[in-house]
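Which chain is which? The protein sequence lines are G and D, in order. Note that the numbering used here has the first sequence beginning at 550, numbered continuously upward. Note that the numbering used here has the second sequence beginning at 1301, numbered continuously upward. The beta-carbon is built from N, C-alpha and C at its ideal position, and this holds for glycine as well. To start, the structure itself, in structure tokens.
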Amino acid sequence: MMVEMSDPDAQAHFVRDIVTTNEKVQWYWTAQRPTLRILAVETEGLKLVVDFSIWDVGFKQTGPLELSFFVNERLLDKVRYESPGAKHFEKPVPADWLKTDVESTVAISIDKLYTAPQDGAKFGVILTKAGFERR
Amino acid sequence: MIVASILFGASFTIAVSWALGTLLFDWLRLSFSRLEEWLLAFVVGAACLSEIVFVLSATHLVRRGVLIAFGLVSIGASVRSVIIRKKRPQFPKIGWIPAGIFAAFTILYFVNALAPEMSPDGAAYHLGMVAKYAGARGFVHLTTNIYANLSEGIELLFLHAFLLGRHSAAALVHFGFLVTLALLMICYGRRIGYPRAGVAAAIFVYASPVIGTDGSIAYIDVALAAVLFALFYVLQVWDEQRDLRLLVPVGILAGFSYAVKYTAFVAVFYALGFLLWKRKRAVLPVAAIAILFIAPWLMKNWLWVDNPVSPFGNRIFPNQYVHVSFEDYFRRAERSYDLASYFQIPWQLTVDGGRLVGFFGPLFLLTPFALAALKLKAGRRLLAAGMVFALPYMFNIGARFLIPAVPFVALSLALALYYMLSELTPGNTSLNKPPACSGQTRGLSNVPHVAVLGLVLFHAVTCWPSVAGLYANPYAWRLIGFPLKAAMRIESEDAYLTRRSPEYSVARMVERLVPAGEPAFSFSQVAEAYTSRKILVSYMGAENEVLCDILWNPIIGGFQASRVVRFSFPSREFRKVRVLQTVWANNSQWSVAELRIFSKGSELPRSSEWRLNARPNPWDVQLAFDNALVTRWRSWDLAQPGMYIEVDFGRLQEIDAVTLETSEDGGEAKVRLEGMDAEGKWSAIASQPIESPRPITVSQRRAAASELKARGIRYVLVNKDNAGSDDFRLYSNLWGMKCLAEAAGSRLYYID
């Protein structure tokens, strides 16, 4: 239910907007709307948990970020982050949003992206963990 | 040594077949021209040998020693007869160019046949069953593989060869039929007075990519074509000679046609129809002999799977081994091959070959011209036979299924070409005259001959693998290599097959990791010829389909019991109750995961006095009463009025509610509740149930795996292309499985 970005199989859960690499890593850069497929083993009593970081250098360019958290395309919450550094998000997910037969999609929409001055590449946040945990 | 044993296995099987045919012909004192007698003796003798191996298989006496002893005696007796009668085959002179073409393709096919066998169906079931029979010294009572229920006349010849020379020996036996077919066509051309047409037609068939490919592996289609052509041949000879003794080989070949392949049942009707037309009194003896070759297969199926024509006819012979839904799906799939339109068929069959699994060569675009052969008596007979033998093609439009009819079409086409070109050539003699005596070339000028020879060359060149690769679909089924090193075993079988055949690697993984006696479930076909383990392939039997349904339940929402249908009514006493399905569904089955009965607000415990029944599929009714969410009773047929699940309480029982837990995929079904009162009278209790959703809140993966374990299945094989393969890979811990190994994209899981 929880995808640690350090897992060897982590990339199997990525749907879009996560910058993959062939190297073994502990975290991944995201783009505008990182989306993952994550299986809920049960539907009741679960919360969505996302651990990520906002890069301080990027923050100087973007300023505060607003992140919207979606589960199966339904908006679970919208949070404004006023500072860089490690962040932790968690919020209960209504049981009827989830299914046990297929993976649920978890998406994080980021309102502003950091643009690298060297090559113009755009980055969102640094993702380390996402998934469902029992409340 | 390996190559020698392969060649011995194949040649000994062919020799014993020929010997039995020769002895039969001697006994009947039949007379043919020399070469045709040898060829027909092989085909008729093959039928006899197959019948003998059937008896040995049924009595579990299929042992190498028995086969060799029997074979040596047969060969000895027949050779003695040949020496006494001084009958040696005399090969017809066919010209250097045709002989060169035959030689080139023969070398190509021989090397491919000699190479390790890795054809999809050959390695999976034609030889898969043979390997099992070889291990058990006879038939194996296998109810979980539909291919075990098909008639296996040629497979029993393969079994004979396999015991002596393993897999490639079987493929070479099939190649023997290909050579025989071509030579029979040449002989027939001579017999009817058109020897050059016979040679041309034989090359049209022999060089054809799908026929050459099929004839170089352990399939059965070319053998069937040879049997059918031999049947036609002997019937024509009988019509010329009216020798009643010829009816014996006619009966044998007609019956053997069915024993080779179900779809050849038309041969029986063809033979009987022909005799009915020509001489009614000949029908009964031929039918009686044919039945001797058909009945064993009917009986075997009737005794073992309750359906003499299994895996078909399951509505007429309901049984627990093959589902009606499988049969319906199979028929639909075999009729479409995902073609956008049937108008694509001619191009697919002659040039492209990608969709219909093989092609016959661009020359066959000229097939419509074969109709010109209607002008000739021989042409009319050939076309009529071809039409009859092409009838089963309606049920399966794959190129292979047209092979039995192609020799007739090819001969008709060659006749027609000669006829038309002769007509167009000034001063040429028309062909529309009674044929000259056997073996004599008709009075043709060189123009038609040169033109047809040009077509023969064109066909040979366009069918040669490296040329065909230039225009055919890259995915067309055809020979693509010349595996000489593998054929000579300079490269070992294991190395060659590991390199070339993913299915082989998977089969060897299963053999290595699954203990003897343990079955393994697989979503896909496995090269069973290379493993001794019992494989339950998801769609190859009713039991396997139930296992697949259980495994898919946790990962396909529509399969899950997420709906509750409740009948509530004033409390009454009933002896029996049944839930009756009342509508025709367009594309869904009816299924019930659990049926629960209530009295005064409490569920009645399922009692041992209860007698459960269902129609259809009474064998699985327990699945609706087992308190397992991942199992369900299914109709395994489209939902129809009159289907029911019934509970006989064994006494009067007071009840006030009945619930069905069912799934979304059966949403079309409508049900009503009926009850039987103390007097034994059925009446409607309620017809307007209340439906409510019942979300599945906990993953059923482990429960599904446990169900398989409870059924004795600990090993599950999942290919990366199978539905749900990612789920098994990513969540194997949730399934309670561990991955033991991976080979060629397939993972073998063990249920803890």
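Mind checking residue i: buried by the 16 CB within 10 Å criterion, or exposed?
i, result
"D/N2033", "exposed"
"D/R1742", "Because the pLDDT at D/R1742 is just 48, under 50, the model does not fix this residue reliably, and the value given afterwards should be weighed accordingly. It is buried - the Cβ of D/R1742 has at least 16 other Cβ atoms within 10 Å."
"D/I1384", "exposed"
"G/A679", "buried"
"D/R2002", "buried"
"D/G1476", "buried"
"D/Y1629", "exposed"
"D/A1424", "buried"
"D/L1770", "exposed"
"D/E1961", "buried"
"D/A1461", "buried"
"D/L1676", "buried"
"G/F563", "buried"
"D/I1616", "exposed"
"D/A1710", "buried"
"D/T1513", "buried"
Alpha carbons only, please: which of the options is nearest the one belonging to residue i?
i, options, result
"D/T1444", "D/Q1889, D/P1585, D/A1842 and D/A1319", "D/A1842"
"D/E1818", "D/Y2015, D/Q1889 and D/R2029", "D/Y2015"
"G/T654", "G/R629, G/R582, G/D600 and G/V620", "G/V620"
"G/S602", "G/T677, G/K648 and G/D645", "G/T677"
"G/V592", "D/I1517, D/P1995 and D/R1635", "The sequence as given places Thr at residue 592 of chain G; Val does not occur at that position. That would be D/P1995, whose Cα lies nearest to the Cα of G/T592."
"D/P1905", "D/I1955, D/N1887, D/T1882 and D/Q1881", "D/I1955"
"D/R1380", "D/E1337, D/P1420 and D/A1319", "D/A1319"
"G/P583", "G/A635, G/Y630, G/E622 and G/K640", "G/E622"
"D/I1368", "D/A1358, D/V1353 and D/T1359", "D/V1353"
"D/L1973", "D/W1982, D/G1966 and D/G1679", "D/W1982"
"D/A1716", "D/E1828, D/Q1620, D/G1489 and D/N1696", "D/G1489"
"D/A2094", "D/Q1988, D/A2005, D/A1978 and D/G1901", "Summary: the structure shown does not reach residue 2094 of chain D, with chain D confined to residues 1301 through 2052, and so no result is reported for it."
"G/L597", "G/V574, G/A580 and G/A644", "G/A644"
"D/E1452", "D/I1375, D/A1595 and D/F1325", "D/A1595"
"D/G1279", "D/R1496, D/A1588 and D/N2022", "Not covered by the structure: residue 1279 of chain D. The range shown for chain D is 1301 to 2052."
"D/A1590", "D/K1600, D/A1571 and D/V1605", "D/A1571"
"D/V1343", "D/L1324, D/H1360 and D/S1862", "D/L1324"
"D/S1891", "D/N1913, D/T1959, D/G1966 and D/V1877", "D/G1966"
Taking the C-alpha atoms as reference points, what is the distance between residue i and residue j?
i, j, result
"D/H1623", "D/P1611", "9 Å"
"D/F1643", "D/L1649", "11 Å"
"G/V628", "G/W576", "21 Å"
"D/K1578", "D/R1491", "20 Å"
"D/M1809", "D/E2042", "8 Å"
"D/E1894", "D/F1689", "49 Å"
"D/R1631", "D/F1701", "14 Å"
"D/T1563", "D/E1803", "27 Å"
"D/L1598", "D/V1568", "15 Å"
"D/P1916", "D/R1932", "14 Å"
"G/Y630", "G/G612", "9 Å"
"D/S1730", "D/S1305", "Unreliable placement is indicated for D/S1730, whose pLDDT of 48 sits below 50; no coordinate value is reported for it."
"D/T1406", "D/P1783", "14 Å"
"D/I1835", "D/F1821", "6 Å"
"G/F681", "G/K648", "12 Å"
"D/N1607", "D/L1666", "43 Å"
"D/P1774", "D/A1525", "27 Å"
"D/P1735", "D/T1480", "At D/P1735 the pLDDT is 43, less than 50, meaning the model places this residue with poor confidence; the figure from the coordinates comes in the next sentence. Near 24 Å, if we compare the C-alpha coordinates of D/T1480 and D/P1735."
"D/M1976", "D/I1446", "39 Å"
"D/L1753", "D/P1668", "19 Å"
At a cut-off of 7 Å, would you count residue i as near the ligand SAM, judging by its Cβ distance to the nearest heavy atom?
i, result
"D/V1537", "The ligand SAM is absent from the structure shown, which contains no ligands of any kind."
| task | Pull out every residue of the region 589–616 of chain G whose Cβ sits closer than 7 Å to any Cβ of chain D, in chain order. | result | V590, E591, T592 and E593
| Taking any Cβ of chain G, which residues in the region 2006–2034 of chain D have a Cβ under 9 Å from it, in chain order? | D2026, D2027, R2029, L2030, Y2031 and L2034
| said: Restricting to runs no shorter than 4 residues, where is the alpha helix (DSSP H) found entirely within the region 1764–1801 of chain D? | reply: 1765–1771, 1784–1787 and 1793–1800
| task | Please list the residues of the region 640–651 of chain G that have a C-beta atom closer than 8 Å to any C-beta atom in chain D, keeping them in chain order. | result | A644, D645, K648, T649, D650 and V651
| request: For the region 560–581 of chain G, enumerate the residues whose C-beta is nearer than 9 Å to any C-beta of chain D, in chain order. | output: A561 and H562
| query | In the region 626–654 of chain G, which residue ranges form an unbroken beta strand (DSSP E) of at least 3 residues, counting only runs that do not cross its ends? | reply | 634–642
| said: Any C-beta of chain G within less than 7 Å: which residues of the region 1857–1874 of chain D qualify? | reply: G1857 and Q1860
| Unbroken stretches of the alpha helix (DSSP H), 4 residues or longer, contained in the region 1426–1450 of chain D | 1427–1436
| field | Contact residues within the region 1976–2007 of chain D, judged by C-beta distance below 9 Å to chain G | value | P1995, I1996, T1997, V1998, S1999, Q2000 and R2001
| task | Entirely within the region 1349–1398 of chain D and at least 4 residues each: give me those alpha helix (DSSP H) ranges in chain order. | result | 1364–1385
| query | Looking at chain G, which residues of the region 1843–1858 of chain D have a Cβ within less than 7 Å of any of its Cβ atoms? | reply | P1854, I1855, I1856 and G1857
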